[in-house]
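*Asks:* Under our numbering, the sequence shown has 48 at position 40, and the numbering climbs by one with no breaks.
One structure is given below, represented as structure tokens, and several questions about it will come after.
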Amino acid sequence: MSGLGQNRLHDSNGSATHFADVIEEQIKLLETIFVVPASKLNVVSHFVREITKGLKVEGGSIPMNPTWCMGFPDGNEQGHYFTLDLGGTNLRVCQVTLSDKKSKFDIIQSKYRIPEELKTGESDALWEYIADSLD
């Protein structure tokens, strides 16, 4: 293969370039793409510390609710269930009915836009909004 080792590559003007110079230039380009500044790494470390603290201490800056799955579904579950999905913009509420036929279900879904004042206000108002959505 031409251009490897000490062979020279030629650019569009016909001038010779050492392959090592081309590789070094490409490496520098890749470094700019993949190098993460220390400031961003510090943000990630701080975030991990805060969510860990949120699991251990009430009133942390990122409160967390520990949840556990005590088992796995086997497809034979039956009944009526609610699911809630609270994102940054919307609250999605689903009523899921699992039938007696294995893996068969019906779902009724409602989507509510979360008002801006609830995103930054007191948590009691947000929880009341969520509870009202279940009616």
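Ideal Cβ placement from N, Cα and C applies to all residues, glycine included.
Small disclaimer: the values here were computed from a predicted structure and weren't measured.
Kindly give me the distance between the Cβ atoms of K41 and E58, rounded to whole angstroms, as I take these residues to be in contact under 8 Å.
*Replies:* As a first step, residue 41 is located in the sequence shown; it is residue number 33 there, counting from the start. As a first step, residue 58 is located in the sequence shown; it is residue number 50 there, counting from the start. Lys is not the amino acid found at residue 41; the sequence shown has Ile there. Contact doesn't hold; Cβ gap of about 29 Å is too wide.
*Asks:* When DSSP builds the beta bridges, which residues end up paired with Y120?
*Replies:* As a position in the sequence shown, residue 120 is number 112, starting the count at 1. Looking at the DSSP assignment, Y120 forms a beta bridge with L99.
*Asks:* Could you check if L106 is buried or exposed, using at least 16 other CB atoms within 10 Å of its CB as the buried criterion?
*Replies:* On the sequence shown, residue 106 is found 98 positions in, with the first residue counted as 1. L106 comes out buried.
*Asks:* Roughly how many whole angstroms lie between the Cα atoms of Q34 and P45?
*Replies:* Translated into the one-based positions of the sequence shown, residue 34 becomes position 26. Translated into the one-based positions of the sequence shown, residue 45 becomes position 37. Their Cα atoms are separated by approximately 20 Å.
*Asks:* What span of residues does the beta strand (DSSP E) with F90 cover, start to end?
*Replies:* Within the sequence shown, residue 90 is the residue found at index 82, counting from 1. Unbroken beta strand (DSSP E) run through F90: G87 to L94.
*Asks:* On the three-state DSSP scale, how would you describe F113?
*Replies:* Within the sequence shown, the letter at position 105 stands for residue 113. Of the three classes helix, strand and coil, the one that applies to F113 here is strand, per DSSP.
*Asks:* Do L99 and S141 have their CB atoms nearer than 9 Å?
*Replies:* Start at 1 with the first residue of the sequence shown, and residue 99 comes out as number 91. Start at 1 with the first residue of the sequence shown, and residue 141 comes out as number 133. Against a cut-off of 9 Å, the Cβ pair of S141 and L99 comes out as a contact.
*Asks:* Quickly, what does DSSP pair V104 with across the bridge? List them, please.
*Replies:* For the purposes of this step, residue 104 is taken as the residue at position 96 of the sequence shown. Partner(s): Y89 and I115.
*Asks:* Go to T40, then tell me how far its alpha helix (DSSP H) extends in each direction, as first and last residue.
*Replies:* For the purposes of this step, residue 40 is taken as residue 32 along the sequence shown, with counting starting at 1. Note, T40: alpha helix (DSSP H), F27 to F42.
*Asks:* In terms of residue numbering, what span does the alpha helix (DSSP H) encompassing V52 cover?
*Replies:* The residue you call residue 52 lines up with position 44 of the sequence shown. Start and end: A46 to K64.
*Asks:* In this structure, how does DSSP classify I138 when only helix, strand and coil are distinguished?
*Replies:* Translated into positions along the sequence shown, residue 138 becomes position 130. It is helical.
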